[in-house]
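Enquirer: The letter at position 11 of the sequence shown is residue 25 when you use our numbering, and the numbering goes up by one with no holes.
Using N, Cα and C, we set each Cβ at its ideal position, and we do this for glycine too.
After the structure tokens below, expect a handful of questions from me.
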Amino acid sequence: LTELVHFAAIKRHRRSMEKLIRSYNNNLGQLLDISRNAIVFENMTHLTNCLGIIVTDDNVRVERLKNRMSPSYNSDETGGYRDVCINLKMQTPAAVALGAELHICEVQLLLKDFAQFRTAEGHRRYVQARNTRGV
Numbered sequence: 015l016t017e018l019v020h021f022a023a024i025k026r027h028r029r030s031m032e033k034l035i036r037s038y039n040n041n042l043g044q045l046l047d048i049s050r051n052a053i054v055f056e057n058m059t060h061l062t063n064c065l066g067i068i069v070t071d072d073n074v075r076v077e078r079l080k081n082r083m084s085p086s087y088n089s090d091e092t093g094g095y096r097d098v099c100i101n102l103k104m105q106t107p108a109a110v111a112l113g114a115e116l117h118i119c120e121v122q123l124l125l126k127d128f129a130q131f132r133t134a135e136g137h138r139r140y141v142q143a144r145n146t147r148g149v
């Protein structure tokens, strides 16, 4: 497998507050992507294998799964970008010992072809579309 992991910075305070107000009616329990990472795959087989490993792992609790790879997903809303987005908690003894078992992080699984949209220009288009929709 020739996957590549992308570690993203923590979501900025300003964007977190904006998202809480615009999208979540100030409900902190809905803000699930403060900590996020991405894994890039060469092909769909590798992506679906990884997804299967994650969702069947006894040490992982999947809180939410968004399948933006689905043919029914309207990628116009994300500037053509598609991924499988998983919000999860780690349920290992080490996570419990650290008090981290309640922390939800986001893991984005995407194909190499869609990773090209993760550029400064691609993000700018996404932000513009998001702001137009008011989310």
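Using the Cβ count rule (16 or more neighbours within 10 Å means buried), how would you classify methionine 83?
Expert: Buried, since its Cβ has 16 or more Cβ neighbours within 10 Å.
Enquirer: I'd like to confirm the pairing. Which residues does DSSP put opposite arginine 50 in its beta bridges?
Expert: Glu120
Enquirer: What do you get for leucine 124, buried or exposed, if any count of 16 or more other CB atoms within 10 angstroms of its CB means buried?
Expert: buried
Enquirer: What residues in its chain sit with their C-beta under 6 angstroms from that of glutamine 122, if we drop five residues either side in the sequence?
Expert: Ala52, Asp97, Cys99
Enquirer: Near valine 155, which residues of its chain fall below 6 angstroms by C-beta distance, leaving aside the five closest residues on each side in sequence?
Expert: Since the first and last residues shown for the chain are 15 and 149, residue 155 lies out of range.
Enquirer: For methionine 104, which beta-bridge partners are listed by DSSP?
Expert: Val74
Enquirer: Taking the beta carbon of leucine 65 as the centre, do at least 16 other beta carbons fall within 10 Å, making it buried, or is it exposed?
Expert: buried
Enquirer: Straight-line CA distance for phenylalanine 21 to alanine 129?
Expert: Rounded to the nearest angstrom, the two C-alpha atoms are 13 angstroms apart.
Enquirer: Under 7 angstroms between the Cβ atoms of leucine 42 and isoleucine 118?
Expert: no
Enquirer: What are the start and end residues of each continuous beta strand (DSSP E) run of 3 or more residues lying completely inside the segment 18-45, in chain order?
Expert: 18-21
Enquirer: For aspartate 71, which option in Met31, His60, Leu102, Phe55 has the closest C-alpha, if you only look at C-alpha atoms?
Expert: Residue nearest to aspartate 71 within the set Met31, His60, Leu102, Phe55 is Leu102 (criterion: CA-CA distance).
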